Structures are given as structure tokens and as C-alpha cells.
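Chemist: Before we start, here is the structure in question, set down as C-alpha cells.
This is the structure we're talking about:
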């Protein structure tokens, strides 16, 4: 695990070095063990690469950048490759020579052998940059960027008058002097809709993430050739999707998924340093713990405890740990501790988010005992249908299907009445979402957006200043424009052709998981110099699950039935069959208690810190609604988190 960065098209070699060293310094927390640079190469004077390394595999020989034998191809990588030994053996048989035991070294030889298609030959979580100085590219040296299929590892880029730059963090990218500092309208809108900034936009105009499963080729000598992103991974075209013997029913899926799960966990335990795991009372982390403990008896596990609250699962988690045989550590957490370390938490977030606090504290505990690597159960809800969206989204789609029979003008005219009528029998936020689905009458992907939305579109109209409001909100404020944000729209188009459960799974992976869970996990864990691995997002497992028809994926009324039945001989009885619990913090209690002064102080500052972005009256209405008990914690916390991030990251 590392932080990587680089520049191209910079006028002078000395400027390129200065910029890349500044970016590397800004990411020291991602790689405290050592740094490395490619600078002042006469073959490409305006090009430079940098890395901060957290050494996990081949601690001594794995320094980066790594070169091939002829010193004309170099690579820097953030992440881990789980099939590097197999790939190394294969490349050695093809005549390639290796000088280290590092997983990163296989990349220079894979590039020599397969070029841009090398990404299809590796398995892992990664963001990488390869420089090829050879002359077979007509314009000279090229810079190649690639990101893993699901976006587990981040990679951001920008291009301006001063050149092209990329980095593992937006904050580092901005120290290059190439990235702009203007706040993005689309970013703020997506944040208020979903509680995080949606890929591929970032909080700053002109700064983008390389989308998951995409690659980019930069022609170093010719800045007139604008770099383009291209997808390199599509589960619908994987070997699992093409397998004529893939499961068609639930029983066959149970038999085939177990060895894939076992192999995923086994691969994610590969390291030259100790590995631990995050544990809760849920099925996902319990599955990881049960499989990991078979490979590494006595593996360390960590969990958060919330004494005196309904969210405290520490007793049940202790029983899970005892069943699996882990060395277990609990970290008690209350509102006072969160207040005391609020600066650290928001300082750890590269992009604003209402999530990530829990991962920050459990990462801190793991790093305090010296761990560099921890396994997480992230991805289980998305793959094995654990979220309420798997039930709620089809319901909203059915409502929209009925609505499509009614003329659009009538739907819009009755929007307010529908919202009021529904509000009499359900929470206000839920009524707003259902009314929005009624007015929109979109298909399943739009129903997903409404189910996940923090604020309904009409609420955003009352919250965002008109001159800052993007065209992604319809003029009447009741619907989302169908072309809203290209990446999400492409994901929605892909989901249109899938069965309902598969479509929701795909949207969860492309939206909430990629833009919230994975990004926040990376930011807050790497702030503590901890690598978090996610075995349930191993590419072979994801491709297997994506190839399943709905009848093989889930059984209605049974929580994560496929995962449970595959591992029922290993999972503790305490967590089998229990009702789904959302792993969240006691925010409602804390925001009405120890965090209330912080919340009120932050809201009082918003008129100044977010002037021209949010309407003061709209912000005040959110707070008043929360105080009156009409809405829950999520809306005020989201605005609070946005303001706290902006205070730390935007110019005064």
C-alpha cells in the first residue's frame, strides 16, 4: 500500500521534480517507510513519478519505482497483487528475468508482454502508473495509468496550462500547482444527494478520478493529444459470464461459491507482515473471520463497542471471536471521544463524506498494536443482497411503473398531494423519495437513486443557492434529469439490462460502494498507515456473482442465504438468521447529546463558509426539523460534515 503521484508536460525538468516531491510529501501518511522518485530523465524532461511506500511484500527489495532489465520501463503502484506468484512464474517461462520478490515487479514485465491488456492478467486492488521510454510508440514515451475493477484503490488526475498530474489523493494533487481550486457544482449536488461525492467528479472542477476498471494512456511529448479514459473490465464479458456451466439455481451456486470464497480469503492473507481483521456481529466479517482463522489461527480481530447504546454489539461479537478463535480487542467509543478527535477524523477524509468515522477509529486501534494490514467484510451487502435497497428499489420501480400510465402533467400536478398523503403513514424522508419516484416514473436505476437519496430533488432546490445549482436538478425541482452525471448514467444503462437483484447489486457497487465505502475506507485507514483489504471484492468472486441469475443469487425472506448456506459449517450459530443490522454509530443519540454544541456551532458558520453555495434559510430549516424530531440525524450530519471538510480544504 502506498501513495503514488506524477506529472507530465511540465516545461522544465526541475519544475517537474519540485511538483512531484511536493505531492509525495503530502502523502507521507500513506507510506511512512520510504519514498522513491523518477526525475530528471533526459528521455522525458517534463515527466516525473513519485511514491510513498508502506512496505508489506518484499520489505527490503520492493522499493519503487521498479524498472525492467533494460531500464526503459518503470512502474509505481499503490495496492497489492494477489496472483503475483502465478503471474511471475508464467512470465518467467516466457523468458522474463526478475530481481526482486515484489508483486510490483511483475507489472513491468506484464507490460512488455501484453501492453495495455496487462491489466486483465492481474488480480488485486491497485492504482498504477507505468512509463515506457521505448520508441515503438510513434510519439515517444508514454505514461499509462490503470485502476482496479471496483475502485478499491483511488487515482485522481487533472490537466491544465501547467501540465498533467495524477495522485492517490486530491489533496496531494492540489499541491502540484496544476489542479484548480474552484468548487464543483456537480460534486456538491451529488454529496447532498448521497452523502458523498459521486465518481468520477471531485470537489474541484477539472479534477477527476480515473473510474474503476478504467485505464488511460498519456502521450508524454505531445500535450495536444488529450488523454482519454477507456474501460478495461466488464463482468458481463468475464470468463464466469461466458461459462456455460455456471450455476442456474441456488443449490448449484452454493456448491460453487464456497471454494471461491475460501480462495479469496487465502489470497488476501498473503503478506510479509502480520495481518488482522475488522470484526462485527454481522455475516460478512464473521465469514471473513471464520475463513481467515483457519489459515492463520489466532489472527487478531478488532471491533468498536458503544457502551450503553442500542448499537452496542460487543457481547455478540465476542462470541463470534471466540467461535473463530481470534485474538480479540474491543475499542469503546462514545460521543466524547468523537468530539475529542473530530479534527483528526475530518483531516483524514480526502473528500467530504458523512461516513468513515467508524473505520477511522478501528483503523487507529489496529495500527496502535503495530498492524499494517487488516481484512474487512466490505462488499458482502452488495454481492449477497444484504441492503434494504434489494427490497425497496423494486417497490419504487413498481410505483413508477404505475405512474407511467398517468400523463406527466398530472403526475407533476399531484406531486405535493402524493407526498403529503404518504407522509401521514411513513417518515417524511421516505415519503419525499416515494413522491419523487411517482413524479419521475423512471425505471429501476432511477428508483435506486431515489432509494439512496439523502435529500429528495425538491429538497435540494430549497437548499442550494440558484446560481450554484447545476442543471442536474430539473427546473421544477421534483425529478432528476435522465443524463445526470455521465458515470452514474452509464452504470444505470448497464443495470437496465440486468435482472432486478443483479441490477441493484451493480448499482450498489458502482455508486454507494465505490463513492462512499471504498473511498472512505482508503482515506481514513491510510491516514493511520494501515492497508485494508476486502476479500469479498476479489475479482473472481465478483465475476462469479455477477454471472448469477436472480434465482441463484438469493432466496426471498432469507438474509444473505447464499453466503450463509455456503459457510454454514463454519459460521457461528449466533449470527446465522439474525436480523440485518446496519453497522453505524449512535449518531442520533450523540447529535442530540455530546455533539450538539459542535453541530450548532458549525451550522452557525455555514452562512460564511458556504456562502453562495447553500441557502441560509434552507440550512436553518434542516436543523429546525432535526431539533423538532421531524427528521433523523443523517441530514444535519451530512451538512455538518460538508462544512467541516470545506473549512479545512477550501481557501478562506
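Residue numbers (our numbering): 1045 to 1696.
Idealized CB from N, CA, C, for every residue including glycine.
Nothing here was measured: the structure is a model prediction, and the numbers come from that model.
Specify, as a first and last residue, the run of the alpha helix (DSSP H) that residue 1049 falls within.
Modeler: Boundaries around residue 1049 are those of the beta strand (DSSP E), 1046–1052, since no alpha helix (DSSP H) includes it.
Chemist: Using DSSP with H/G/I as helix, E/B as strand and the rest coil, what is residue 1687?
Modeler: The three-state reading of DSSP puts residue 1687 in helix, counting H, G and I together.
Chemist: Where residue 1266 and residue 1252 are concerned, what is the direct C-alpha to C-alpha distance, given to the nearest angstrom?
Modeler: Between residue 1266 and residue 1252, the alpha-carbon positions lie close to 21 Å from each other.
Chemist: Suppose the cutoff is 8 Å on Cβ atoms and the five residues either side in sequence are ignored; what does the same chain contact list for residue 1064 look like?
Modeler: 1049, 1050, 1051, 1081, 1083, 1092, 1093, 1094 and 1220
Chemist: In the DSSP assignment, find the beta strand (DSSP E) that holds residue 1599 and state where it starts and stops.
Modeler: Per DSSP, residue 1599 belongs to no beta strand (DSSP E) and is neither H nor E.
Chemist: Taking only runs of the beta strand (DSSP E) that begin and end inside the segment 1304–1336, which ones reach a length of at least 3 residues, in chain order?
Modeler: 1319–1322
Chemist: Indicate whether residue 1121 and residue 1148 have their beta-carbon atoms separated by less than 7 Å.
Modeler: yes
Chemist: Between the segment 1413–1429 and the segment 1578–1592, can you find at least three pairs of beta-carbon atoms closer than 8 Å?
Modeler: yes
Chemist: So what does DSSP say about residue 1372, is it helix, strand or coil?
Modeler: strand
Chemist: If you check the beta carbons only, do residue 1584 and residue 1304 fall under 7 Å apart?
Modeler: yes
Chemist: Are the CB atoms of residue 1243 and residue 1558 within a distance shorter than 7 Å?
Modeler: yes
Chemist: Determine, using beta carbons only, whether residue 1418 and residue 1576 come nearer to each other than 7 Å.
Modeler: yes
Chemist: Hey, how far is the Cα of residue 1129 from the Cα of residue 1255?
Modeler: 27 Å
Chemist: Pop quiz: residue 1127 and residue 1166 are said to be a contact at Cβ under 8 Å. What is the actual Cβ separation, rounded to whole angstroms?
Modeler: 7 Å
Chemist: Nearest to residue 1630 by alpha carbon, out of 1367, 1178, 1570 and 1681?
Modeler: 1681
Chemist: Between the Cα of residue 1399 and those of 1061, 1553, 1500 and 1564, spot the shortest distance and give me the residue it belongs to.
Modeler: 1564
Chemist: Can you tell me whether DSSP reads residue 1191 as helix, strand or coil?
Modeler: Residue state, collapsed to three classes: strand.
Chemist: Would you identify the three-state DSSP class for residue 1344, choosing helix, strand or coil?
Modeler: Reduced to three states, the DSSP call for residue 1344 is strand.
Chemist: Using a threshold of 7 Å, state whether the C-beta atoms of residue 1497 and residue 1237 are closer than that.
Modeler: yes
Chemist: Taking the continuous beta strand (DSSP E) assigned at residue 1169, which residues delimit it?
Modeler: 1168–1176
Chemist: My output table needs one value for residue 1454: the three-state DSSP class, helix, strand or coil.
Modeler: helix
Chemist: Less than 7 Å between C-beta atoms, sequence neighbours within five positions excluded: which residues of the same chain meet that for residue 1153?
Modeler: Result list for residue 1153: 1112, 1135 and 1140, in chain order.
Chemist: DSSP beta-bridge partners for residue 1076?
Modeler: 1097
Chemist: Look up residue 1202 in the DSSP assignment and say whether it is helix, strand or coil.
Modeler: strand
Chemist: Counting C-beta neighbours from all protein chains within 10 Å, is the total for residue 1600 16 or more, i.e. buried, or is it exposed?
Modeler: Exposed.
Chemist: Measuring CB atoms only, is the segment 1342–1351 touching the segment 1377–1391, in the sense that at least three cross pairs come out at less than 8 Å?
Modeler: Note that the segment 1342–1351 touches the segment 1377–1391; at least 3 beta-carbon pairs, one per stretch, sit closer than 8 Å.
Chemist: Give the C-beta separation of residue 1545 and residue 1594 to the nearest angstrom, bearing in mind that I take them to be a contact with Cβ-Cβ under 8 Å.
Modeler: 4 Å
Chemist: Taking residue 1663 as part of the alpha helix (DSSP H), name the residues at either end of that continuous run.
Modeler: Counting along the chain, the alpha helix (DSSP H) containing residue 1663 begins and ends at 1660–1671.
Chemist: Is it true that the segment 1321–1334 meets the segment 1293–1302, where meeting means three or more beta-carbon pairs spaced less than 8 Å apart?
Modeler: no
Chemist: Taking the Cβ atom as the reference point for each residue, do residue 1090 and residue 1047 lie within a distance shorter than 7 Å?
Modeler: no
Chemist: Less than 7 Å between the C-beta atoms of residue 1569 and residue 1407, yes or no?
Modeler: yes
Chemist: Ordered along the chain, which non-local residues of its own chain (more than five positions away) have a Cβ less than 7 Å from that of residue 1066?
Modeler: 1219 and 1220
Chemist: My guess is that residue 1597 and residue 1607 are in contact by the Cβ rule of under 8 Å, so how many angstroms apart are they, rounded?
Modeler: Your pair residue 1597 and residue 1607 does not check out as a contact, with CB atoms roughly 11 Å apart and the cut at 8 Å.
Chemist: Give the range of the alpha helix (DSSP H) segment to which residue 1064 is assigned.
Modeler: That run of the alpha helix (DSSP H) goes 1057–1070.
Chemist: Cα separation between residue 1194 and residue 1550?
Modeler: 11 Å
Chemist: Thinking C-alpha only, which one of 1537, 1510, 1503 and 1505 is nearest residue 1492?
Modeler: Comparing Cα positions, the closest option is 1537.
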